[in-house]
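Visitor: Sharing a structure, written as structure tokens. Questions coming.
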Amino acid sequence: MRYSIRKRLLLSAAVVLSSVAVFSGIIVWQSSQRASDEAYDRVLGAAALSIADTIAVSGARIALDLPYASFVILGTSGRNRIFYRVVAPDGNLVTGTPVLGIDRPLLRENGTTFFDSRYRGERIRVAQVARFHHGGDRGGWFNVFVGETREARDQLSQRLTRFALTPAMLAILLGIVLLMLAIRSSFAPLRRIEDSLGRRSPSDLSPIRPDVPEEVAALVAAINRLMARLETTLGGLKRVTVDAAHQLRTPLAAIRAVSELAIEAKPGPPVDDYVLRIHGNAIAATDLANRLMLEARLLHSIESGSAADLNVLDLARRVRQVALAEWRYLHDLPEIRLHHDRLTNPILHANETALSELLKNVLENAVKHGAGPIDIVVGDRPDQVIFRVQDRGPGLPAEIEDRAFERFVKTPGSRQGSGLDLAIAKQIVDAYCGTIRLVRRPGGGLEVEIRLPRWPAKAAPRKDSQ
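Numbering (this note's numbering), first residue to last: 732 to 1197.
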């Protein structure tokens, strides 16, 4: 199962940034709570001190004048509820809520402490202050507890958290966007390599030369070495094929000549039947050798990059005239007609020899295996030129329909042809990054449709060579 490096990088980055965001959120929330506690603790502690300062001891009597102004300050938020408790030196309640801070030890020295507690199921914050007051038997250390609920504190901590996290979240989102752009930019060299290879013809094995980073250079070098080995291997195979075909032509020509002399001598049965078979096989072998050499020349011509702007209608007209002249005495020629279908721009950038042989091979296949009339139709689209060769023959047998473009595939039982016409045509079309397909015609017959890009990849300006 394939996986995406880009998706893995984005997922890893998202996990890291999310973890950072969660960790930062926790820290900011805790810091905001401490900041809000520090801000409100000052007021809470001041209220407790003001209450402690109003305690007066006279003999057995304890007097306390609650400073309501302190409670007014604590209640300015309109949300908090205030509680207090004053404890005498002997631990008895002087006034206030009996259970507020009851679990805390009483202080015996000057100081203020703050702690969290719960009162009637609610979380509260409590300030505890100790003051020493002189006055007979009731004198000593008085403890004052002042508590308030946390609504205002929580509201402040939430605001501080929002103020702190909003720019942080925006920065993280911006970081994700920048990271995606950076990853996309980092993969740009691979896309350039893909584009460079995608625009090539199948026979182009020249080295890849895009500017790539150091991390991809080893991959590009390995691909270039592989293509160099393939080019060497294919070049050797082509040379062997051409040399073999060339060397076979001489003995085949001799066999053909001798068989023709034997036919003219009329040796009589059954020798004349054998001689006719030898002559037919010599003709077929000669045709095969010629086609193999033609194929090698065509592919070399395409690879060399020689191309020009051609008028496809004029080229189709010349191919038709040459075919009629060459085949007039070899075949019982059907009528061959040339048409154009809404042709708006007849110019195609291609190799004239290769394109001529492409049309000629397809036309010869129609003449050998089809029936007339045969129509050559030339049309176009804004970005491509279209050729259609149509006949009214029996069409392709079902057993070879899927293998029609393979080499040496012929109609079962047919002794005509080398089985290379459509295979060579397919090679030429592939070399120009075009398409070729076979279509059954309504009413019987076969149509070979060829679509070639107006500016083939082989001829188009290449970015990696700029």
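Don't be surprised by glycine CBs; every beta carbon is placed ideally from N, CA and C.
I'd like to confirm the pairing. Which residues does DSSP put opposite E918 in its beta bridges?
Guide: Translated into positions along the sequence shown, residue 918 becomes position 187. According to the sequence shown, residue 918 is Phe rather than Glu. The partner list for F918 (beta bridge, DSSP) is empty, contrary to what the question assumes.
Visitor: Report the start-end ranges of each alpha helix (DSSP H) in the stretch 866–931 that is 4 residues or longer and not cut off at the edges.
Guide: Listed in chain order, they are 882–917, 919–929.
Visitor: In three-state DSSP terms, what is A1129?
Guide: Translated into the one-based positions of the sequence shown, residue 1129 becomes position 398. Correct three-state label for A1129: helix.
Visitor: Using a threshold of 7 Å, state whether the C-beta atoms of W872 and A883 are closer than that.
Guide: Position 141 of the sequence shown, counted from the start, is the residue given in the question as residue 872. Position 152 of the sequence shown, counted from the start, is the residue given in the question as residue 883. It is not a contact, given that the beta carbons lie outside the stated cut-off.
Visitor: State yes or no: is the C-beta of L891 within less than 7 Å of the C-beta of S755?
Guide: Taking the first residue of the sequence shown as 1, we reach residue 891 at position 160. Taking the first residue of the sequence shown as 1, we reach residue 755 at position 24. Contact flag unset, no.
Visitor: So, for A1232: in the same chain, excluding its five sequence neighbours on each side, which residues have a beta-carbon less than 8 Å away from its beta-carbon?
Guide: There is no way to answer for residue 1232, as the model of the chain reaches only from 732 to 1197.
Visitor: Could you spell out the range, first to last residue, of the alpha helix (DSSP H) harbouring D1045?
Guide: Position 314 of the sequence shown holds residue 1045. Start and end: 1043–1058.
Visitor: One question on the structure: do G1126 and A1102 come within less than 7 Å of each other, judged by their Cβ atoms?
Guide: Within the sequence shown, the letter at position 395 stands for residue 1126. Within the sequence shown, the letter at position 371 stands for residue 1102. Note that the C-beta distance between G1126 and A1102 is not below 7 Å.
Visitor: Given a cut-off of 7 Å, decide if G832 and V1198 are closer than it, judged by their beta-carbon atoms.
Guide: Past the edges of the chain, shown from 732 to 1197, lies residue 1198, and the structure says nothing about it.
Visitor: Can you tell me the Cα-Cα spacing of E962 and R1048, whole angstroms?
Guide: Translated into the one-based positions of the sequence shown, residue 962 becomes position 231. Translated into the one-based positions of the sequence shown, residue 1048 becomes position 317. Distance between the alpha carbons of E962 and R1048: 36 Å.
Visitor: Can you tell me whether A1191 is buried or exposed? The criterion is at least 16 other CB atoms within 10 Å of its CB, across all chains shown.
Guide: As a working mapping, residue 1191 is identified with position 460 in the sequence shown. Because A1191 carries a pLDDT of 39, less than 50, the predicted location of this residue cannot be relied on, and no value is offered for it.
Visitor: Taking C-alpha atoms, which residue in P829, A1056, V1002, G822 lies nearest to F814?
Guide: Working through the sequence shown from its first residue, we reach residue 814 at position 83. For the options P829, A1056, V1002, G822, the alpha carbon positioned closest to that of F814 is the one of P829.
Visitor: Could you tell me the distance, in whole angstroms, from the CA atom of K1189 to the CA atom of L904?
Guide: The residue given as residue 1189 occupies position 458 in the sequence shown. The residue given as residue 904 occupies position 173 in the sequence shown. Confidence at K1189 is low in this model, with a pLDDT of 44, below 50, so the placement of that residue is unreliable and no value is reported for it.
Visitor: Around the C-beta of N799, are 16 or more other C-beta atoms found within 10 angstroms, so that it is buried, or is it exposed?
Guide: As a working note, residue 799 is residue 68 in the sequence shown. Correcting the residue identity first, residue 799 is Tyr in this sequence and not Asn. Classification for Y799: exposed.
Visitor: Residues in the same chain with beta-carbon distance under 7 Å from L748, minus the five sequence neighbours each way, listed in chain order, please.
Guide: Within the sequence shown, the letter at position 17 stands for residue 748. If we look at L748 and ignore the five residues flanking it on each side, its Cβ neighbours are I903, G906, I907.
Visitor: Looking at the strands, I want to know which residues DSSP matches up with E1178.
Guide: One-based indexing of the sequence shown puts residue 1178 at position 447. Paired residue(s): Q1121, V1170.
Visitor: So, at 8 Å on beta carbons, what are the nonlocal neighbours of R849 in its own chain, with the 5 sequence-adjacent residues on each side left out?
Guide: Locating residue 849 in the sequence shown gives position 118, where the first residue counts as 1. Here the set comprises I855.
Visitor: May I ask which residues mark the beginning and end of the alpha helix (DSSP H) holding R739?
Guide: Here residue 739 is taken as the residue at index 8 of the sequence shown, counted from 1. Run containing R739: 736–784, per the alpha helix (DSSP H) assignment.
Visitor: Taking its Cβ as the centre, do 16 or more other Cβ atoms sit within 10 Å of P836, making it buried, or is it exposed?
Guide: Residue mapping note: residue 836 aligns to position 105 of the sequence shown, counting from 1. Burial is judged here by how many other beta carbons sit within 10 angstroms of a residue's own beta carbon; P836 has fewer than 16 and is exposed.
Visitor: Alpha carbon to alpha carbon, what distance is there between G1110 and R1073?
Guide: Walking along the sequence shown from the start, residue 1073 turns up at place 342. Walking along the sequence shown from the start, residue 1110 turns up at place 379. R1073 and G1110: Cα-Cα distance of roughly 6 Å.
Visitor: Alpha carbon to alpha carbon, how far is I1181 from L1079? Give it in angstroms, no decimals.
Guide: Within the sequence shown, numbered from 1, the residue matching residue 1079 stands at position 348. Within the sequence shown, numbered from 1, the residue matching residue 1181 stands at position 450. Spanning the two alpha carbons is a distance of roughly 13 Å.
Visitor: Look at L928 and M958 and say whether their C-beta atoms are less than 7 Å apart.
Guide: The count along the sequence shown starts at 1 and reaches residue 928 at position 197. The count along the sequence shown starts at 1 and reaches residue 958 at position 227. Taking 7 Å as the cut-off, the beta carbon of L928 is found no closer than this to the beta carbon of M958.
Visitor: Would you mind stating whether L1216 and N1076 have Cβ atoms separated by less than 7 Å?
Guide: With the chain covering only 732 through 1197, there is no way to say anything about residue 1216.
Visitor: Taking the alpha carbon of R1068 as the reference point, which residue from W1058, E1178, D1004, P1104 has its own alpha carbon closest?
Guide: Residue 1068 sits at position 337 when you count from the first residue of the sequence shown. Of the listed residues, the one whose Cα sits closest to R1068 is P1104.
Visitor: Assuming L1046 contacts L1086 (C-beta within less than 8 Å), just tell me the rounded distance between them.
Guide: The residue labelled residue 1046 in the question sits at position 315 within the sequence shown. The residue labelled residue 1086 in the question sits at position 355 within the sequence shown. Right, the Cβ-Cβ distance comes to about 6 Å (below 8 Å), so this counts as a contact.
Visitor: Look at the Cβ atom of R1172, then the Cβ atom of E1178, and state whether they are nearer than 7 Å.
Guide: In the sequence shown, counting from the first residue as 1, residue 1172 sits at position 441. In the sequence shown, counting from the first residue as 1, residue 1178 sits at position 447. Against a cut-off of 7 Å, the Cβ pair of E1178 and R1172 comes out as a contact.
Visitor: DSSP three-state call for T844: helix, strand or coil?
Guide: What you label residue 844 is simply residue 113 of the sequence shown in a count that begins at 1. Correct three-state label for T844: strand.
Visitor: Tell me where the beta strand (DSSP E) around D1111 begins and ends.
Guide: By 1-based counting over the sequence shown, the position of residue 1111 is 380. First-last of the beta strand (DSSP E) with D1111: 1105–1112.
Visitor: Should T964 go down as buried or exposed, given a rule of 16 or more other Cβ atoms within 10 Å for buried?
Guide: As a first step, residue 964 must be located in the sequence shown, where it is residue number 233. Its Cβ having fewer than 16 others within 10 Å, T964 is exposed.
Visitor: Alpha carbon to alpha carbon, how far is C1164 from K1194? Give it in angstroms, no decimals.
Guide: As a position in the sequence shown, residue 1194 is number 463, starting the count at 1. As a position in the sequence shown, residue 1164 is number 433, starting the count at 1. The predicted model places K1194 with a pLDDT of 38, which falls under 50 and marks its position as unreliable, so this point remains unresolved.
Visitor: Compare the Cα-Cα distances from E1083 to each of K738, A766, L1044, A952 and report the closest residue.
Guide: Here residue 1083 corresponds to residue number 352 of the sequence shown, with the count starting at 1. Looking at the Cα atoms, L1044 is the closest of the given residues.
Visitor: Who are the near neighbours of V1203 in its chain, counting only those whose CB is closer than 7 Å to its CB and skipping five residues on each side?
Guide: With the chain running from 732 to 1197 in the structure shown, residue 1203 is simply not present.
Visitor: With burial defined as no fewer than 16 other Cβ atoms inside 10 Å of the residue's Cβ, what is the status of E925: buried or exposed?
Guide: One-based indexing of the sequence shown puts residue 925 at position 194. Answer is exposed; the Cβ neighbour count stays below 16.
Visitor: On a CA-only basis, which of G1175, F1136, D1040, L780 is nearest V1160? Give me that one, please.
Guide: Within the sequence shown, numbered from 1, the residue matching residue 1160 stands at position 429. For V1160, the nearest C-alpha among the options comes from F1136.
Visitor: Can you name the residues that DSSP bridges to A1039?
Guide: The residue you call residue 1039 lines up with position 308 of the sequence shown. Bridge partners of A1039: A1081.
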